[in-house]
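Peer 1: Structure in structure tokens, see below.
Below you can see the structure in the form of structure tokens.
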């Protein structure tokens, strides 16, 4: 058995999981060694943040007037980019009209899948963020929605499965849909650029298999103490890359 070099992870999220799949060592630098590197502002991140802000205000109904669905984002030294949420306006209206809606949701669960405080670093084992959650009791139904400003990716389907796991767990303990375990759940991504949507529907009976699936997926990640490097195309975007002066010992 290889000798441990680092402590194992004690918490995770979907972004941690996808980062680990690309390169375990980058997760070690980020989450275990907590290496902090100040990166320049990124126009794509700024665009995503602004789009989420507009969605939040529009759907939640906060403010006296509805925000404009178009805007321009600027970052020093980078070409400004435009935001246009008009392709998804009908979906946003639908979410806004829902009687029970919550925006900017932060769900955290302990290792027993029970809700806990997002900021409690001793108990929060899994964290997930989603843009909108709506639920009804008659009929018993839950919708979880996440906004994407980029392209459709295959990994988004996996992300919807994680959202479904969290949502169905909240149904089971009575937080959503009145605790009616007959409730179904729809996990959806909305793509700003094209107006596309991608949807998965789940039933209460799916909860146990989903939990088993995720425990199997993360087993290696949560027990890893070696955190090996994996080079590839992702190195070009990694803030720890050797080519950027970062602490990674490997060249792409």
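Numbering (the working numbering), first residue to last: 512 to 763. Yeah, the Cβ is synthetic: ideal placement off N, Cα and C, and Gly gets one too. Here the structure is a predicted model, which means the values were calculated and not measured.
1. Excluding the 5 residues flanking residue 589 on each side, which residues of the same chain have their C-beta closer than 6 Å to its C-beta?
2. For the beta strand (DSSP E) that residue 652 lies in, which residues bound it at each end?
3. Do residue 599 and residue 584 come within 8 Å of each other at the CB atom, strictly closer than that value?
4. Could you please give the first and the last residue of the uninterrupted alpha helix (DSSP H) stretch that includes residue 667?
5. Answer yes if the region 538-547 comes into contact with the region 677-691, meaning at least three C-beta pairs across the two stretches below 8 Å, and no otherwise.
6. Hey, how far is the Cα of residue 746 from the Cα of residue 689?
7. If distances are taken between C-alpha atoms only, which option among 627, 670, 622, 612 comes closest to residue 573?
8. As a quick exercise: from 754, 687, 631, 630, pick the residue whose alpha carbon is nearest that of residue 650.
9. Which one or two residues does DSSP pair with residue 570 in a beta bridge?
10. Give the straight-line distance between the Cα atoms of residue 751 and residue 694, rounded to the nearest whole angstrom.
11. In whole angstroms, what separates the C-alpha of residue 586 from that of residue 552?
12. When you compare only the Cα positions, how much space is there between residue 708 and residue 567?
13. Are the beta-carbon atoms belonging to residue 679 and residue 654 less than 8 Å from one another?
14. Helix, strand or coil, according to DSSP, for residue 643 in the structure here?
15. Is it buried or exposed, residue 764, if we count other Cβ atoms within 10 angstroms and call 16 or more buried?
16. How should residue 726 be labelled, buried or exposed, when 16 other C-beta atoms within 10 angstroms of its C-beta is the threshold for buried?
17. Using 8 Å as the Cβ pair cut-off and three pairs as the minimum, do the region 621-631 and the region 660-667 touch?
18. Quick one: what's got a C-beta closer than 8 Å to residue 652's C-beta in the same chain, skipping five residues either side?
19. Which residues in the same chain as residue 530 place their Cβ atom closer than 8 Å to its Cβ, once the five residues preceding and following it in sequence are excluded?
20. What's the gap between the Cα of residue 548 and the Cα of residue 748?
21. If you run the structure through DSSP and keep just helix, strand and coil, what is residue 701?
22. Could you give the DSSP three-state label for residue 546: helix, strand or coil?
23. Please name the residue in 546, 581, 638 whose C-alpha comes closest to that of residue 757.
24. Taking only the alpha-carbon atoms, compute the straight-line gap between residue 614 and residue 557 and give it to the nearest angstrom.
25. Using the beta-carbon count (16 or more within 10 Å), is residue 562 buried or exposed?
26. Give the straight-line distance between the Cα atoms of residue 578 and residue 517, rounded to the nearest whole angstrom.
Peer 2: With the given structure in hand:
1. Position 78 of the chain shown, counted from the first residue, corresponds to residue 589. Within the same chain, residue 589 has close Cβ partners 554.
2. Counting from one through the chain shown, the residue named residue 652 turns up at place 141. Under the DSSP assignment, residue 652 falls in the beta strand (DSSP E) whose first and last residues are 651-659.
3. Position 73 of the chain shown holds residue 584. Position 88 of the chain shown holds residue 599. With contacts defined by Cβ atoms closer than 8 Å, residue 584 and residue 599 do not form a contacting pair.
4. If you number the chain shown from 1, residue 667 lands on position 156. Here the alpha helix (DSSP H) through residue 667 covers 666-683.
5. No, because fewer than three Cβ pairs between the region 677-691 and the region 538-547 fall closer than 8 Å, the two stretches do not touch.
6. Here residue 746 refers to the residue found at position 235 when the chain shown is read from its first residue. Here residue 689 refers to the residue found at position 178 when the chain shown is read from its first residue. Straight-line Cα distance between these residues: approximately 46 Å.
7. Against the chain shown, residue 573 aligns to sequence position 62. The residue with the shortest Cα to Cα distance from residue 573 is 612.
8. Numbered from 1 along the chain shown, position 139 holds the residue referred to as residue 650. That would be 687, whose Cα lies nearest to the Cα of residue 650.
9. On the chain shown, residue 570 is found 59 positions in, with the first residue counted as 1. Partner(s): none; residue 570 has no beta bridge.
10. Working through the chain shown from its first residue, we reach residue 751 at position 240. Working through the chain shown from its first residue, we reach residue 694 at position 183. Approximately 44 Å, taken between the alpha carbons.
11. Taking the first residue of the chain shown as 1, we reach residue 586 at position 75. Taking the first residue of the chain shown as 1, we reach residue 552 at position 41. The straight-line gap from Cα to Cα measures roughly 7 Å.
12. Walking along the chain shown from the start, residue 708 turns up at place 197. Walking along the chain shown from the start, residue 567 turns up at place 56. Roughly 18 Å separates the two Cα atoms.
13. By 1-based counting over the chain shown, the position of residue 679 is 168. By 1-based counting over the chain shown, the position of residue 654 is 143. No; because the gap between Cβ atoms is not below 8 Å, this pair is not in contact.
14. Position 132 of the chain shown holds residue 643. Strand at residue 643.
15. Any question about residue 764 goes unanswered here, given that the chain covers just 512 to 763.
16. For the purposes of this step, residue 726 is taken as residue 215 along the chain shown, with counting starting at 1. Classification of residue 726: exposed, given that the 10 Å Cβ count is below 16.
17. no
18. As a first step, residue 652 is located in the chain shown; it is residue number 141 there, counting from the start. Same-chain partners within the cutoff: 646, 688, 694, 695, 696, 697.
19. In the chain shown, the residue the question calls residue 530 occupies position 19. Within the same chain, residue 530 has close Cβ partners 537, 538, 541.
20. Stepping through the chain shown from its first residue, residue 548 is reached at position 37. Stepping through the chain shown from its first residue, residue 748 is reached at position 237. Those two C-alpha atoms are separated by around 13 Å.
21. Numbered from its first residue, the chain shown carries residue 701 at position 190. Looking at residue 701 - three-state DSSP - the assignment turns out to be strand.
22. The sequence position of residue 546 within the chain shown is 35, counting from 1. Reduced to three states, the DSSP call for residue 546 is coil.
23. The residue given as residue 757 occupies position 246 in the chain shown. Checked all of 546, 581, 638; the closest Cα to residue 757 is 546.
24. For this step, residue 614 is matched to residue 103 along the chain shown. For this step, residue 557 is matched to residue 46 along the chain shown. So the two alpha carbons sit approximately 19 Å from each other.
25. Within the chain shown, residue 562 is the residue found at index 51, counting from 1. Under this definition residue 562 is a buried residue.
26. Locating residue 578 in the chain shown gives position 67, where the first residue counts as 1. Locating residue 517 in the chain shown gives position 6, where the first residue counts as 1. Their Cα atoms are separated by approximately 47 Å.
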